Structure formats: structure tokens, C-alpha cells
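Protein chains in written order, with the working numbering: chain A, 1 to 324; chain B, 325 to 826.
Backbone N, C-alpha and C define an ideal beta-carbon position, used for all residues, glycine too.
Because the structure is a prediction, the values reported are computed rather than measured.
Here's what the structure looks like:
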């Protein structure tokens, strides 16, 4: 009994000493041990693959292992909450798809908001594309808008879920075009896209590579400029509507990183974004590498949070369109 | 033909063969451990695919997938705990068989049925994949709702002792699954201000607590009788050829159901085994014996859940839309290997498609021999003294559940559902309906509400969809046929009696 106690005490003291020493060793020669990179979505999705590629690129630049750690649930809010609650020592970072920070706090009470993080850099981006179902009579955006104006609420659009970026993009789309569509939410892109391809819904917001891989008919691109991979698809701006819509994401860390650590990580994030390997992986999963520095990234998230907060309050909080 | 030769030469590589064999074996072990499932197994090896070549990566992933789905049946049969959610229906007849002293035969049936289901589905996949994908697209929200409703009738078949208690347990499962975000408005339901509840109750912690932990509590609470040794271990035994022929119809039908449901995105192997079990219970020659250790029930569950593995590749490969979370991870790995699943894959890279079919075929053969090899090893765990075995189960369950999401809240879910499961069993409520309700709840709710939105609130419009109508009729037949039959035979008896008096 005594011996057990003694062993127990020694272990406990050892643990306490290591625990106390840990913060002291950091700032001096960061990084000195593996870094955990939390990915708030399940393994295998586009965001996860992008996050894992980022982890490998950071590993090459920082010289320590960067381990991707999937914490899924709650539209990404569970994983991002884990980042926000993490220790601000540079050994816990997270991949933040902008929707998790810009949308989720408006949907329900989250233990974080836009101000809870140190932003390191944005590294991926992809614009949305509005597609119509196969065999649809609509060939252009104008035809869709004209029909929807004459028949409010008749056309349906699918989304990967309420409060997701494509959903809010579609709500904004209805605002700027002055039309009324019916929202049919699905549990993720898989079921949603299948429903579109089966002709059960009329419209869907998809990413450019989805459009080209599955030969879908696109009527509008929500990018600033037209894209080479989508010849003949006009942007919303070209068609007279001032609107863009996109998915993007970057690296964040718990707020309050030591300045030296923050600088080191954001530099490393920039180097990684410019690496050929990351660019190639992002290309394969349908994103493009688009760098924003910490301030620009934070500003982009804050701006989106404002727009989407307003849309969420209008569409979801006040009974929602479907309840009207 | 060139494509076929190409595929064969890809297959003949040493690293590919090692990958498929080791993948299947590792899959079986991970699947058999309660709490560790297919998704975790695939996620674990995902980083390996970054260094392996294209062929070996695909072989490894498919081996792990097929192996883990089968592995879940081992613990379902031996310790009354489904190793993976896909084997939830296997418990119903597998464990009673083992309890009766036929553990070896039960393992033999599950091995045979799993391999048969997998191979059967692979053949269908090879022949009719593009066609199946097209038919699958006809399933919209209304059809999904009808399918979910039919699967729900499974609750009736597993509540043979007390229908009212079974229905209450099923409702409980349906209800527990509504915790979290509303699928249409995104509003939170029953979160009580607790952030962790906003993501809903996880399937794995819930299932593991309900079955594994409550089983531990149950055994701890039981008066121990030194003479009753519990399950008598028996040697692994394949069913005889005569038996196999006798039950061939059930094997084929369950495999067909599994393949078909596999092609529908988002339904998954857990629901497939329940639909198959419900259908078997409706039509089997031995339907009265279901729940008491009837091989037909075991076949229905195991053949269908392994058929799903091949079926789920249909939308994944031909549409680029994954059939379940596990194929979603595989899709990601394929994309990184430079493969672009979608309609063009079948035209542009036939040898790769053939290679995937051959690999699935091979994985199922490995599964059969792997199962024969490993079942006796797993049966040995029954010789471990019960307190130690149960202690190991608790440790495994806790580490397994925690490893998925590193979230302490999941452990709380395990504990609470373990206590709840124990209390339910203590009061004579069956546990299977809870899981059935829980698994199907999301699909039924979402598709019902989607269907209502799309039909502008008119539920009657659901009956204008032919596929849905067929499923509704099947559901009604299943629910009311026994009652009508009873009524009819009573009438006839009365009629006969009347005739006599006349």
C-alpha cells in the first residue's frame, strides 16, 4: 500500500513538474514538440484533405510533426470550440472553414466568436457556382430569374444544411435578384447533389470541380472574375448583380499567442500556401490556394459574419421562410 | 479485354496483395472491438495511403472496409455487443445462438453470409453499376421516407415478448436522435444550454453504452452461479452444404437488399441490416423463431451489411457521391491518388474500375478465410474469467470511444446510455428497438420534412410516387397481415360453425 502510494506520489510530482516546465520552454525555441492541428470536419472530406496537406507543408517548414486531429460535429463548431479553448502556446492550431466562425455563433450559443482567435492566414478558397438539374428547361440565369419572378416559391434549391455557406449564399442571391425560391435542406453535399442529379430539386450551389467532374449545367459563377475551368459561365457581376459567394478557410489559433510564436506560425502558413504540394492537393479537392495575411483573413471573416448574421436572423431566427 | 489484363497486372503486385490481406485482417480485429468501427479503421490508415501507391492504397482501404463490417459480428455473437453499428441486428439472433451452445455455428453462418453478401454484391456491381446508379437517382425525399418507415417495422419483429414495451423503446430511440440541430431550421432542440449537446448524441458512444456497458452492468448485477458457465465455447463450424442450399434464398435476398440499399447515398449498412431483418422476419419459413437464435435472422443481417460495402461503391464510383461516411473517406483518398470518381471514370479508366471490382472480390475471399482463422481466436475470449473479460470491455469501450473525437463528453454519453440500457433491460424493455429508432430517426425526419416542403404541405402527394407507394403497401402488409389473417381464419371458423348449425 505504502509503495503504491509512493509511486503514485512520484508520478504525480513528475507530472506536475513537467507541466510547470512546459510553458517555460516554449517561447525560447518554438517549436520544440509536435503541433496538433484540429480539423473540425470528418476525415476524408475536402476540408480534411486540405488540412492534412497543410499539416505536411507546415511540418516541412517548421521541422516538427504537425498532427491532424479530426473533431467533428455541430457543423464544425465542436472542433473550432476545441481550438478556442486550447492553450495559446502555438502547439494547438486549427483549420477554420470560415462558416464555422462566421455563421455558427449566430445560429446557436457557441463558446467562441470572431474575437476568440489569433488568425494566422487564409490558405484555401473556392467560389460557388449555381447549377440547374439535368434536363432543366433553364439554360441561363435570366430564364431562372424570369420564371421565378412569375412563379414565386415554385422552384426549389437544395443545400448541405441550414445555415451553411451555400444556404446563406442562396438567401443573398434571392435578395439581390428579388425572387422567391423554396429551400430544401439536406444532410451534407452528398445527398443534396444526388437529389439534384435525380431531378428532385431545381437548383444547387456547387463548387467548380463538382460542376466539371459531373458535367452539370451552370448558370452563374459567384466569383469576381470568370474562370478558365468553366468556359462560357458568366459571373453574377457580369450579369448585372453585385454579389460573390465562396467557401474559404485558413489557420487559426487560440487568442493570445506570444508575438514571436504568432509571427513564426503565420510566416510558415504563408510559405506552406505557396508550396507546390499544397497547391496540387487543393487543386485535386476543388479548392485553389489563395493566401490572405492574418489581418486580411480576420477582416474577411468579420465581414462575412456581419452579412451572414443578418441573413441568419432574417431567414432562420424569425420562423424561417418555410414557416411563412 | 486490355482493360481486364491491365487490372490483373495491377492486382498481381506484391504490395497490393499484402495490402488487401493485411487490410482485411486488421479490419476484422478493429471491427470486432466494441467502440472501434469501420470509420475509425479507415481513418487510421488514411495517412498510410499518402505513401503507398494507388493500387496498394485502394486494396488496403477496401480490405479494411470489408473486414471491419464483418468483424462487428464476432463480438455481436460472442458477447452480445455489436462491434460496429452495422452489426446491431446481428445481436438479435447471433447471441441467442451462442447462448444455446452453437457459438461456433453462429460464427460459421456469419462468416459465410458476410462473404456471400460481399461477393454477390460485387458481381452485381461489376455487371450493373451504371444502371444501378441511374435507378438510385430516382430516390428522392419521399422514397427515402417510405424506406425509413419500412425499416422501422423492424421494431415490431424484435419486440416479440411485449409489443407495447418494444414500441416505447423504439419511440425512445427516435426521440434521443432529435437532440441537436433541427435539420430544416438549424434551431437547437433539447440542448439545455449545454454546448456539447448542440452537436447531438453520437451514434457510437450511444450504441456502445447501450449495449456493451449495460451488458457489463447486467452481468455484474447477476447472481453468479459457478455451475452455469455462460456461453459454452464450441469449435468454429461452417454450415453444411445441405443447410446452405436450404437457406440459399435468404442469402440471395438479403444480399440483394444490401446491395440495393448500399447504392442509396446516406442510408448506410446499419439501416440496411434492419430493413433486411424486417423483410426476413416477414417472409422467412422460420419467422416464428426469430429472436431465439434463428440462422435466417443472422443471415439477413450479415449478408446485407457486407453487401452494402460493394453497393456503396456504386454511387461513389459512378456519380462521385459517397454512399456513407466510410466511402466518403475512401472517396477522399481516391481523389488524392489522382482518381476522379464520376460518370467519366467508367469511360476513361476502365482498368481502374475493374481493378476495384477485383479487389472487392479478393477482399471478400480474404474475409472468408480470415474469419475462419480468427473466429477460433476470438472464441477463446469466452474462456477468460468473466470479471476480467468485462473489465477489458469497459477499458476498450472507453478508449475506443474517446479515440474517435477526443471529447470527454462522449464518455459521459457512454456512461449515461449504459445506465439507461441497464434500467431498460431490468424493466423488461428490449434494447434493439432503441437503436433501430435512433439510427432511422434522422433519415425519417429529414425526408418527411423535405417531402412536405417540396409538396407544399400536402402529405397525400406522397402516395403519387410509385416506388414510395410500393414501400408503403409493403409496410402496411407487414403491420396488418398477421391481424387480418387471424381475423380471416376466425371468420372462416365461425362460418364453418354456422354451416354446421344450418
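Assigned with DSSP and collapsed to three states, residue 248 of chain A falls in strand. In the DSSP assignment, the residues bridged to residue 157 of chain A are A:183 and A:203.
It is roughly 21 Å from the alpha-carbon of residue 188 of chain A to the alpha-carbon of residue 667 of chain B.
A Cβ-Cβ distance of about 3 Å is found for the pair residue 79 of chain A and residue 40 of chain A, placing them in contact under the 8 Å criterion. At the C-beta level, residue 294 of chain A and residue 266 of chain A come within 8 Å of one another.
In this structure, the straight-line span from the alpha carbon of residue 343 of chain B to that of residue 384 of chain B is close to 5 Å. Residue burial annotation: residue 177 of chain A is buried, with at least 16 other C-beta atoms found within 10 angstroms of its C-beta.
Under the Cβ distance rule, residue 174 of chain A does not count among the residues neighbouring chain B, no pair being separated by less than 8 Å. With contacts defined as CB atoms closer than 8 Å, residue 634 of chain B and residue 442 of chain B qualify as a contacting pair. In terms of Cα proximity to residue 560 of chain B, the closest of B:693, B:348, B:573 and B:493 is B:693. Note on geometry: alpha-carbon atoms of residue 648 of chain B and residue 732 of chain B lie some 26 Å from one another. The beta carbon of residue 295 of chain A does not come within 8 Å of any beta carbon belonging to chain B, so the residue lies off that interface. With its beta carbon at least 8 Å from every one in chain B, residue 152 of chain A lies outside the interface. For the set B:543, B:494 and B:424, the Cα lying nearest the Cα of residue 712 of chain B is the one of B:543. In the structure shown, the three-state DSSP call for residue 337 of chain B is coil. At a Cβ-Cβ threshold of 8 Å, residue 75 of chain A and residue 161 of chain A count as neighbours. With the criterion set as a beta carbon lying under 7 Å from some beta carbon of chain B, the members of the region 186-205 of chain A are 187, 190, 191, 193, 194, 195, 197, 198 and 200, in sequence order. Residues of the region 503-527 of chain B whose Cβ lies closer than 9 Å to any Cβ of chain A, in chain order: 504, 505, 506, 507, 508, 509, 510, 511, 512, 515, 517, 519, 520, 522, 523, 524 and 526.
Spatial neighbours of residue 296 of chain A in its own chain (CB-CB distance under 8 Å, excluding positions within 5 residues in sequence) are listed in chain order as 122. Residue 453 of chain B sits close to residue 638 of chain B, with the two beta carbons spaced by under 8 Å. Note: residue 513 of chain B is bridge-paired with B:504 in the DSSP secondary-structure output.
Considering only beta carbons, the part of the region 462-480 of chain B lying closer than 8 Å to chain A consists of 462, 463, 464 and 465, in chain order.
Within the region 261-308 of chain A, the runs of beta strand (DSSP E) that reach at least 3 residues and sit entirely inside it are, in chain order, 288-292. Collapsing the DSSP output to three states places residue 104 of chain A in a helix. Residues of the region 285-318 of chain A that bring their beta carbon within less than 7 Å of a beta carbon in chain B comprise 285 and 316, in sequence order. Contact with chain B is absent for residue 249 of chain A, since none of that chain's Cβ atoms lies less than 8 Å from the residue's Cβ. In this structure, residue 207 of chain A places its C-beta atom within 8 Å of the C-beta atom of residue 286 of chain A.
Straight-line measurement puts the Cα of residue 430 of chain B at about 57 Å from the Cα of residue 221 of chain A. Rounded to the nearest angstrom, the gap between the Cα atoms of residue 417 of chain B and residue 737 of chain B is 27 Å.
Apart from sequence neighbours up to five positions away, the residues of its chain that approach residue 698 of chain B with a beta-carbon distance below 6 Å are 352, ordered along the chain. The CB of residue 645 of chain B comes closer than 7 Å to the CB of 190, 193 and 194 in chain A, given here in chain order.
In this structure the region 163-178 of chain A lies against the region 241-259 of chain A, because at least three pairs of beta carbons, one per stretch, are closer than 8 Å.
For residue 456 of chain B, the closest alpha carbon among the candidates B:406, B:392, B:572 and B:640 is that of B:640. Proximity of residue 330 of chain B to chain A, defined by a Cβ-Cβ separation below 8 Å, is not satisfied.
Listed along chain A are 156, 182, 184, 200 and 201, each with a C-beta nearer than 8 Å to that of residue 778 of chain B.
Straight-line measurement puts the Cα of residue 328 of chain B at about 46 Å from the Cα of residue 100 of chain A.
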